[in-house]
Amino acid sequence: MTGEAVNPKAYPLADAQLTITILDLVQQAANYKQLKKGANEATKTLNRGMSEFVVMAADTEPLEILLHLPLLAEDKNVPYVFVPSKQALGRACGVTRPVIACSVTSNEGSQLKSQIQQLKDAIEKLMI
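Here our numbering is used: the first residue of the sequence shown is 1300, the next is one more, and so on.
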């Protein structure tokens, strides 16, 4: 993590502890094939109503390329959150490239359901 200031438009930004929890769940979702990587894929999951929550990188340049996601997520009542680093998000997604946005999708009978629910509650607390 760098010491530079994060873009104020990147709200709500997860703190260090929540970031670790989010990236951990993203990694598990990738293993369970419940993850869509990239801003375009995240947009599609939101439009189709498949998204549980959306994670975006606050160090995206320019940030505006993913600022349509919070608006869409609010329309669909899907929690969203920013993490500080796109590099870390890419690693959690299981790819070598930086990832600026990803969406954890819903899946019936998934082992991640309770963890996803806990994380959604934590993200919703950030919004208040």
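Glycine included, C-beta positions come from ideal geometry on N, C-alpha and C.
What does the alpha-carbon distance come out to for the pair residue i and residue j?
i: residue 1426; j: residue 1361; result: 23 Å
i: residue 1301; j: residue 1357; result: In this prediction, residue 1301 scores a pLDDT of 46, lower than 50, which makes its location untrustworthy; the coordinate-derived value is nonetheless stated afterwards. When rounded, the distance between both Cα atoms is 12 Å.
i: residue 1363; j: residue 1346; result: 19 Å
i: residue 1371; j: residue 1379; result: 10 Å
i: residue 1404; j: residue 1316; result: 23 Å
i: residue 1373; j: residue 1367; result: 10 Å
i: residue 1416; j: residue 1386; result: 25 Å
i: residue 1408; j: residue 1331; result: 11 Å
i: residue 1377; j: residue 1420; result: 11 Å
i: residue 1396; j: residue 1424; result: 30 Å
Are the CB atoms of residue i and residue j nearer to each other than 9 Å?
i: residue 1422; j: residue 1307; result: no
i: residue 1337; j: residue 1400; result: yes
i: residue 1394; j: residue 1313; result: no
i: residue 1327; j: residue 1411; result: yes
i: residue 1392; j: residue 1329; result: yes
i: residue 1350; j: residue 1402; result: yes
i: residue 1390; j: residue 1322; result: yes
How is the beta strand (DSSP E) around residue i delimited, first residue to last?
i: residue 1419; result: Element bounds for residue 1419: not the beta strand (DSSP E) but the alpha helix (DSSP H), 1412 to 1426.
i: residue 1370; result: From DSSP, residue 1370 is part of no beta strand (DSSP E) but of the alpha helix (DSSP H) over 1367 to 1374.
i: residue 1309; result: That residue, residue 1309, is in no beta strand (DSSP E); it is neither H nor E in DSSP.
i: residue 1402; result: 1400 to 1404
How would you write the range of the alpha helix (DSSP H) that residue i sits in, first residue to last?
i: residue 1325; result: 1315 to 1330
i: residue 1388; result: 1385 to 1391
Let me check one thing: in DSSP terms, what residues is residue i bridge-paired to?
i: residue 1349; result: The partner list for residue 1349 (beta bridge, DSSP) is empty, contrary to what the question assumes.
i: residue 1379; result: 1353
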